[in-house]
Amino acid sequence: MTADSETRYPDIEIYLAKAPVASLDEWLGTAIGAEPLAPAGKGKWRTRGRLAGGEIPVLLVERAADGFASLWFDSAETPWPDDAACARAAAMQLGSEVRCSLGGWQPGDEPDRFLRVLPDGREEEIHWPDSGH
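Heads up, the sequence shown is in this note's numbering, so the first residue is 230 and it goes up one at a time.
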């Protein structure tokens, strides 16, 4: 197993302090070739991206955890190997704070350990007990 395959997550979830749909549409279109987000119920949006011939289902849930929106990529075939890489890209592109889990949600992980990424590139580990996980 290569180092890349050992660290690639089966899916990616990040939490956005701000989630304007127009900005997300632009970023997702560029990053994964996604169509614009479409309503999928109260406070939920869906789209599908495409990368290297594979589809990437995407779900946005507004106000998922402590006022943050959840953005979930249901695929291991994203441009990012893990949540932290995606959070860094999102913070820079969206100009907003982004959070993500520091664990892969395996038995023994501490579910309240999160990485906080700011748009200026600063990062810190935080404990976020009300994450909804």
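The C-beta atom is built at its ideal place from N, Cα and C for all residues, glycine as well.
Give every residue of the same chain whose Cβ lies closer than 7 Å to the Cβ of residue i, excluding the five residues on either side of it in the sequence, and list them in chain order.
| i | result |
| --- | --- |
| residue 230 | Residue placement at residue 230 is poorly supported in this model, since its pLDDT is 33, which falls under 50; the coordinates are not used for a value here. |
| residue 267 | 274, 275, 276 |
| residue 352 | 344, 345, 346 |
| residue 297 | 244, 245, 246, 328 |
| residue 239 | 305 |
When the distance is taken between beta carbons, is residue j closer than 8 Å to residue i?
| i | j | result |
| --- | --- | --- |
| residue 275 | residue 257 | no |
| residue 331 | residue 252 | no |
| residue 246 | residue 325 | yes |
| residue 316 | residue 329 | yes |
Beta-carbon within less than 6 Å of residue i's beta-carbon, same chain only, minus the 5 sequence neighbours each way: which residues are those?
| i | result |
| --- | --- |
| residue 320 | 327, 346, 348 |
| residue 356 | 341 |
| residue 233 | With a pLDDT of 45 at residue 233, under the threshold of 50, the predicted position of this residue should be treated as unreliable, though the coordinate-derived value follows. Correct list: empty, nothing qualifies. |
| residue 301 | 242, 288 |
| residue 269 | 275 |
| residue 286 | 277, 303 |
| residue 314 | none |
State the CB to CB distance for the pair residue i and residue j, rounded to an integer number of angstroms; the pair is presumed to be in contact (CB under 8 Å).
| i | j | result |
| --- | --- | --- |
| residue 306 | residue 283 | 4 Å |
| residue 241 | residue 312 | 5 Å |
| residue 308 | residue 280 | 7 Å |
Output needed for residue i: all residues of its chain with C-beta closer than 8 Å, excluding positions within five of it in sequence on either side, in chain order.
| i | result |
| --- | --- |
| residue 272 | 290, 291, 292 |
| residue 203 | Examination of residue 203 is not possible in this model, given that the chain is present from 230 through 362 alone. |
Sufficient close CB pairs (3 or more, under 8 Å) joining the stretch 342–356 to the stretch 256–265: no
Ordered list of beta strand (DSSP E) runs contained in the stretch 255–282, each at least 3 residues: Within the stretch 255–282, the complete beta strand (DSSP E) runs of at least 3 residues are 273–280.
Contained alpha helix (DSSP H) runs [length at least 4] in the stretch 295–349, N- to C-terminal order: 312–323
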